[in-house]
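Here's the structure we're looking at; comments come further down.
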Amino acid sequence: MVTVSSEQQKKVRIAARALARAGFVHAYGHCSLRLDAEYFLVCTAKPMGLITPSDIGTVVPVQGELPEGVLGEVRIHQYVYRNRPDVNSVCRTMPQNVMALSALHGIAKPRHGFGSYFSPAIPMWDDVQLVRSNPQAEGVAELMADGKAVIMRGNGLVTAGADIERAVVWAWYAEDMCRVEMEALRSGSDAPILSHEECLARATENGHIIERMWDYLTFGDVEL
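In terms of the working numbering, the sequence shown opens at residue 0 and continues consecutively.
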């Protein structure tokens, strides 16, 4: 079995609480950190805002059955890690605007800066059922393909990043993208959609953009 450091455990706890403070998770949701090619660490199976410094995450194999006590939808993490060697963290969240827009069968399109990171759109898994089987999890991961996120209709969001900071930040960006889309729907406005070229130019990671959002989301955490 792979060794897990105290810093890796702490980073997962900090990410979990950041997602809870942002209102992206409640009783449900989970986040994980890749440990190596064969294993990842998933947060404790409890409401993420209630995770304490004494809580220890569970090591999960990328291939194989979920360990006892690990939530069923952690299968999604398994399949994302299998398909994407570039991914080192996965977050499964339920942000308010993501939930509402997907329940309306709406597709978030890049209409502003944060949306540019998901050009041409965030794909949607068109099934409201919980993803608790291997075929479902495989389908969600395949729909994400090489992107940063996938939305599950009426069932939330999965984001994937090169590190846990990015996976958390992509969740914030995706929720803001859906907020703008919901506003466009409410107003009846035909708000312009950014071209792919505009998105490529705007979706920068320069200027400590990721780091600043991570610092904002984790500010005041009990373990910082």
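All C-beta atoms in this analysis are idealised placements derived from N, C-alpha and C, irrespective of residue type, glycine included.
Tell me where the alpha helix (DSSP H) around residue i begins and ends.
| i | result |
| --- | --- |
| I75 | 74 to 82 |
| G63 | Where G63 is concerned, there is no enclosing alpha helix (DSSP H), given that its DSSP letter is neither H nor E. |
| L70 | Element bounds for L70: n/a, residue is neither H nor E. |
| V168 | 163 to 186 |
| M47 | Taken as a continuous stretch (DSSP letters only), M47 belongs to no alpha helix (DSSP H), as it is neither H nor E. |
| V97 | 95 to 102 |
Nearest-angstrom Cα distance between residue i and residue j?
| i | j | result |
| --- | --- | --- |
| K147 | P109 | 14 Å |
| A100 | A183 | Correcting the residue identity first, residue 100 is Leu in this sequence and not Ala. Computed Cα separation, rounded: 11 Å. |
| W124 | Q135 | 9 Å |
| P84 | S188 | 40 Å |
| E180 | T2 | 43 Å |
| C177 | I121 | 10 Å |
| M151 | F23 | 14 Å |
| A170 | P66 | 26 Å |
| C198 | G114 | 8 Å |
| A185 | A107 | For the record, residue 185 in the displayed sequence is Arg; it is not Ala. The alpha-carbon atoms of R185 and A107 are separated by roughly 14 Å. |
| E204 | A159 | 15 Å |
| R81 | L32 | 13 Å |
| K45 | A26 | 7 Å |
| I75 | E137 | 7 Å |
Helix, strand or coil for residue i per DSSP?
| i | result |
| --- | --- |
| H195 | helix |
| M143 | helix |
| R152 | coil |
| F117 | helix |
| T217 | helix |
| M212 | helix |
| V1 | coil |
| V41 | strand |
| N131 | With the sequence shown as reference, residue 131 is identified as Arg, and Asn is not the correct amino acid for it. Coil, per DSSP. |
For residue i, which residues in the same chain have their Cβ closer than 7 Å to its Cβ, ignoring the five residues on either side in sequence?
| i | result |
| --- | --- |
| I50 | R12, A15, R16, C42, T43 |
| W213 | E164, V167, V168 |
| A190 | R110, A183 |
How far does the beta strand (DSSP E) with residue i in it reach, from first residue to last?
| i | result |
| --- | --- |
| T158 | 155 to 160 |
| L32 | 29 to 33 |
| V89 | 88 to 92 |
Just to confirm my understanding: we take residue i, look at its own chain, exclude 5 residues before and 5 after, and list those with CB closer than 6 Å. What are they?
| i | result |
| --- | --- |
| E174 | P94, N96, V97 |
| S118 | P109, H195, C198 |
| D35 | V1 |
| A19 | M47, G48 |
Within its chain, find whatever has a CB closer than 8 Å to the CB of residue i; leave out the 5 residues flanking it on each side and keep chain order.
| i | result |
| --- | --- |
| Q8 | L40, I55, G56 |
At a cut of 8 Å, does the segment 215 to 222 reach the segment 131 to 151 through at least three beta carbon pairs?
No, the segment 215 to 222 is not in contact with the segment 131 to 151.
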